[in-house]
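Chains as they are written, first to last, in the numbering used here: chain A, 260 to 576; chain B, 125 to 473. Where is the CB? At the ideal position from N, CA and C, for every residue including glycine. Source: prediction; values computed, not measured. Structure first, then comments.
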Amino acid sequence: MKLKTTLLAGAIAFAPLTAFAADLTIGFSQIGSESGWRAAETTVTKQEAERRGIDLKFADAQQKQENQIKAIRSFIAQGVDAILLAPVVATGWDEVLEEAQDAEIPVVLLDRTVDAPDDLYLTAVTSDLVHEGKVAGEWLAGAVGDDKCRIVELQGTTGSSPAIDRKTGFEQGIAGNDNLEIVRSQTGDFTRSQGKVVMESFLKAEGGENICALYAHNDDMAVGAIQAIKEAGLKPGEDIKIVAIDAVPDAHLAIANGEMNATIELTPNMAGPALDALEAYLANGTVPPKWIQTESRLFTSADDNQAIYEQKKDLGY
Amino acid sequence: MAGPKSSVLRRIMPQLVILGAALLLNVLVFPDFFHVDFRNGRLFGNVIDVLNRGAPVALLCIGMTLVIATRGIDLSVGAVMAIAGATAASVVTDGYGWGTALLAALAAGALCGLWNGVLVALLKIQPIVATLVLMVAGRGIAQLITEGKILTFSNEGLIHLGAGTILGVPTPILIWMALGAAVIWVVRRTALGMLIEAIGINERSSRLAGINSRVLLVCVYLVSGLCAALAGVIVAADIKGADANNAGLWLELDAILAVVIGGNSLLGGRFSILASLIGALIIQSVNSVILLSGMPPEFNLVIKALLILAILVIQSPRITYLMYMLRASGPQPQPDRPPMPKARKEEAR
Numbered sequence: 260m261k262l263k264t265t266l267l268a269g270a271i272a273f274a275p276l277t278a279f280a281a282d283l284t285i286g287f288s289q290i291g292s293e294s295g296w297r298a299a300e301t302t303v304t305k306q307e308a309e310r311r312g313i314d315l316k317f318a319d320a321q322q323k324q325e326n327q328i329k330a331i332r333s334f335i336a337q338g339v340d341a342i343l344l345a346p347v348v349a350t351g352w353d354e355v356l357e358e359a360q361d362a363e364i365p366v367v368l369l370d371r372t373v374d375a376p377d378d379l380y381l382t383a384v385t386s387d388l389v390h391e392g393k394v395a396g397e398w399l400a401g402a403v404g405d406d407k408c409r410i411v412e413l414q415g416t417t418g419s420s421p422a423i424d425r426k427t428g429f430e431q432g433i434a435g436n437d438n439l440e441i442v443r444s445q446t447g448d449f450t451r452s453q454g455k456v457v458m459e460s461f462l463k464a465e466g467g468e469n470i471c472a473l474y475a476h477n478d479d480m481a482v483g484a485i486q487a488i489k490e491a492g493l494k495p496g497e498d499i500k501i502v503a504i505d506a507v508p509d510a511h512l513a514i515a516n517g518e519m520n521a522t523i524e525l526t527p528n529m530a531g532p533a534l535d536a537l538e539a540y541l542a543n544g545t546v547p548p549k550w551i552q553t554e555s556r557l558f559t560s561a562d563d564n565q566a567i568y569e570q571k572k573d574l575g576y
Numbered sequence: 125m126a127g128p129k130s131s132v133l134r135r136i137m138p139q140l141v142i143l144g145a146a147l148l149l150n151v152l153v154f155p156d157f158f159h160v161d162f163r164n165g166r167l168f169g170n171v172i173d174v175l176n177r178g179a180p181v182a183l184l185c186i187g188m189t190l191v192i193a194t195r196g197i198d199l200s201v202g203a204v205m206a207i208a209g210a211t212a213a214s215v216v217t218d219g220y221g222w223g224t225a226l227l228a229a230l231a232a233g234a235l236c237g238l239w240n241g242v243l244v245a246l247l248k249i250q251p252i253v254a255t256l257v258l259m260v261a262g263r264g265i266a267q268l269i270t271e272g273k274i275l276t277f278s279n280e281g282l283i284h285l286g287a288g289t290i291l292g293v294p295t296p297i298l299i300w301m302a303l304g305a306a307v308i309w310v311v312r313r314t315a316l317g318m319l320i321e322a323i324g325i326n327e328r329s330s331r332l333a334g335i336n337s338r339v340l341l342v343c344v345y346l347v348s349g350l351c352a353a354l355a356g357v358i359v360a361a362d363i364k365g366a367d368a369n370n371a372g373l374w375l376e377l378d379a380i381l382a383v384v385i386g387g388n389s390l391l392g393g394r395f396s397i398l399a400s401l402i403g404a405l406i407i408q409s410v411n412s413v414i415l416l417s418g419m420p421p422e423f424n425l426v427i428k429a430l431l432i433l434a435i436l437v438i439q440s441p442r443i444t445y446l447m448y449m450l451r452a453s454g455p456q457p458q459p460d461r462p463p464m465p466k467a468r469k470e471e472a473r
């Protein structure tokens, strides 16, 4: 509590100074570039910082926690105004977060949270994976109406938290609709090629004409599955409804081509809300809530997917 | 001694029996397993899937069998697949034709194989360590080529290699069968196969006997690199995109497993590419059982491990020997069959 008040007092003391200096310096410790989404997050964060005239110091940790800790220590030594951290793992952050706190530098977590006392960071900006699945399930329930619908599910990597949460969310979303039934569920490891392979086996095991919808835990698997459905002589998007999560550019393209029906966005813009919160906090000490949930926006054929594709394709996905 | 044909048959008999058992398991979980029809201009059925999806591992195990016969191992094939796929994709997205892309990918694979071969043959680094270098670094190289994203392409010619058909048969099936037949023909119609085996049994004495073991070793890793490159192109073409993170991930282990299930010794020497190819089909049949059974995915790896364990136990020298003893003590002994396991090496072909 004492620490919090000193932090607050410090922030208030510095507030006029930062407002005067106008441009903030913010350090961003990114995990690496293990996926297209991650690369897009980096691009968007840089864009957001530039738009606000913030000097962003970027450090790529190449999937290693020790690099992230080193980066945070160097940010502290440079005396940045705030730190954005996308933590690679959940544990082992207490010490370096305390160092940041001692230096009165607020830390905002992006995309993932950590197992540390929550007074060690200002706030965490993440999406709600269960909610994403639920949006997908509710969309499908609405799209199918009262018809009977046999659903096949392509799960993410077995045991990973997105796979568990997106499955739970989807089941919540379709709960109460007895006409909807998940008949097959298998992992496609979040990859295109496994998505295609597993969909091929679904099509044979159930018979393509008996499958009414596909729910994939990410767009990449859905894109792979679309090819399998086409090769089986069926029309993806018409014969089999397809809903997935992430809203990567290729999914928008598939929706624009009528081969997919809906995708739920896992926004790469975690930095926008994070920087809003930081600016408010540094300007007048407004303490944000401990968790800022990003919007899980639903995209369907009602949106102009071709235009969104053109917008998104250069973000680094 | 029986003719060459029957000795080949005897060599691959255990693999054929296991493949039969694996296919039977498929029929048990899915009775229509062998049903094949012609749909959308292509053969459509689970057996076709096994042959088609087995293509990457089948291609890898052709090169891997030769490498293992020299007492080596190539851990880098999965990463080389990623590099080759990335190369092909970046060449076609730059506007070149599919032929150029294929050649570029094969050149990349050959270069990787050459690198491994030089480390092993000239610098005398142990193969498992030498190829580990490229296994780790290769994915990074592939990422550099694709700039970290899934590089998609729409070149029909290239896509045809992975997702297309010739006379209704998926192209990958034709590619792995043709390459397998060609390599088997070359190593068995010439002395090449025997020379490779000689290196695996004792490199020093083979050199003293006049075999240029260094050049041969480099060539063997080169072939492995080429096979991996072809597999990489097929995998990329199949999904119309090069996924540097996931293409060929852990496939080196499946390839080694296929060679082992094929009854080849990791200690080098006698080898059979045909048996390795059947091994690759066995692995794919096991994958197929898992997919068709409809079990929750948490069981996938456990089921696969149990089936593989069963296969390896049945093939283990002790069990084969016991089986032989059991048969020999029966009413009709087979005098021309000396005790296992040493015997298998000699009659292998």
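What residues in its chain sit with their C-beta under 7 Å from that of residue i, if we drop five residues either side in the sequence?
i: Ala513 (chain A); result: Val482, Ile485, Met519
i: Val216 (chain B); result: Trp222, Ala225, Phe277, Asn279, Leu282
i: Ile441 (chain A); result: Ile410, Glu412
i: Asp562 (chain A); result: none
i: Ala231 (chain B); result: none
i: Leu431 (chain B); result: Val410
i: Lys489 (chain A); result: Pro495
i: Gly272 (chain B); result: none
Within this structure, are the beta carbons of residue i and residue j separated by less than 8 Å?
i: Gly386 (chain B); j: Ser409 (chain B); result: no
i: Ala266 (chain B); j: Ala360 (chain B); result: no
i: Ala208 (chain B); j: Arg263 (chain B); result: no
i: Pro180 (chain B); j: Ile443 (chain B); result: no
i: Leu388 (chain A); j: Gly428 (chain A); result: yes
i: Leu534 (chain A); j: Thr302 (chain A); result: no
i: Thr84 (chain B); j: Ile197 (chain B); result: It is not possible to answer for residue 84 (chain B), since the shown part of chain B is limited to 125 through 473.
i: Val191 (chain B); j: Val344 (chain B); result: yes
i: Gly384 (chain A); j: Ser555 (chain A); result: Note that residue 384 (chain A) is Val in the sequence shown here, rather than Gly. For Val384 (chain A) and Ser555 (chain A), no; Cβs fall outside 8 Å.
i: Leu356 (chain B); j: Ala146 (chain B); result: According to the sequence displayed, residue 356 (chain B) carries Gly and not Leu. No.
i: Gln414 (chain A); j: Thr446 (chain A); result: yes
i: Ile335 (chain A); j: Ile364 (chain A); result: yes
i: Asp282 (chain A); j: Asp319 (chain A); result: no
i: Ile136 (chain B); j: Ile414 (chain B); result: no
i: Gly291 (chain A); j: Gln337 (chain A); result: no
i: Glu391 (chain A); j: Asn528 (chain A); result: no
i: Ile433 (chain A); j: Ala400 (chain A); result: yes
i: Ala229 (chain B); j: Ala353 (chain B); result: yes
i: Glu327 (chain B); j: Leu199 (chain B); result: no
Name the DSSP beta bridge partners of residue i, please?
i: Lys500 (chain A); result: A:Ala472
i: Lys316 (chain A); result: A:Gly286
i: Gly522 (chain A); result: The sequence given here places Thr at residue 522 (chain A); Gly does not occur at that position. DSSP lists A:Ala503, A:Phe558 as partners of Thr522 (chain A).
i: Gln414 (chain A); result: A:Thr446
i: Val366 (chain A); result: A:Ile342
i: Asp231 (chain B); result: First, the residue type needs correcting, since residue 231 (chain B) is Ala and not Asp in the sequence shown. Partner(s): none; Ala231 (chain B) has no beta bridge.
i: Asp478 (chain A); result: DSSP output for Asp478 (chain A) lists no bridge partner at all.
i: Cys408 (chain A); result: A:Leu439
i: Pro495 (chain A); result: A:Ile499
Indicate the three-state DSSP secondary structure (helix, strand or coil) for residue i in the structure shown.
i: Val413 (chain B); result: helix
i: Glu354 (chain A); result: helix
i: Ile441 (chain A); result: strand
i: Gly169 (chain B); result: strand
i: Gln552 (chain A); result: strand
i: Leu574 (chain A); result: coil
i: Arg195 (chain B); result: coil
Kindly list the residues whose CB is nearer than 6 Å to the CB of residue i, restricted to its own chain and excluding five residues on each side of it in sequence; keep chain order.
i: Tyr576 (chain A); result: Gly295, Ala299, Val507, Pro508
i: Phe157 (chain B); result: Asn150, Val151, Asn170
i: Arg371 (chain A); result: Pro346
i: Asn176 (chain B); result: Pro294, Pro296, Ile297
i: Thr526 (chain A); result: Thr553
i: Lys500 (chain A); result: Ala472, Asn520
Leaving out the 5 sequence neighbours to the left and right, which residues in its chain are closer than 8 Å to residue i when beta-carbon positions are compared?
i: Ser330 (chain B); result: Leu319, Ala322, Ile323, Ser337
- Under 9 Å (Cβ pairs) to chain B, residues found in the region 480-502 of chain A: Under the 9 Å Cβ criterion, the region 480-502 of chain A contributes Val482, Gly483, Gln486, Lys489, Glu490, Ala491, Gly492, Leu493.
- Task: Using a Cβ-Cβ cut-off of less than 7 Å, list which residues of the region 450-470 of chain A approach chain B; keep chain order.
- Result: Residues passing the 7 Å Cβ filter: Thr450, Arg451, Ser452, Lys455, Val456, Val457, Glu459, Ser460, Lys463, Ala464.
- Proximal residues, the region 374-402 of chain B versus chain A, C-beta separation under 7 Å: Of all residues in the region 374-402 of chain B, none has a Cβ within less than 7 Å of some Cβ in chain A.
- Task: Below 7 Å between beta carbons is the criterion; list the residues of the region 412-428 of chain A that meet it against any residue of chain B, in chain order.
- Result: Flagged, chain order: Gln414, Thr417.
- Task: Using a Cβ-Cβ cut-off of less than 8 Å, give me the residues of the region 353-371 of chain B that come near chain A, in sequence order.
- Result: The region 353-371 of chain B vs chain A, Cβ under 8 Å: Val359, Asp362, Ile363, Lys364, Gly365, Asp367, Asn369, Asn370, Ala371.
- Interface positions of the region 265-286 of chain B facing chain A (Cβ-Cβ less than 7 Å), listed along the chain: Here the close residues are Gly272, Lys273, Ile274, Thr276.
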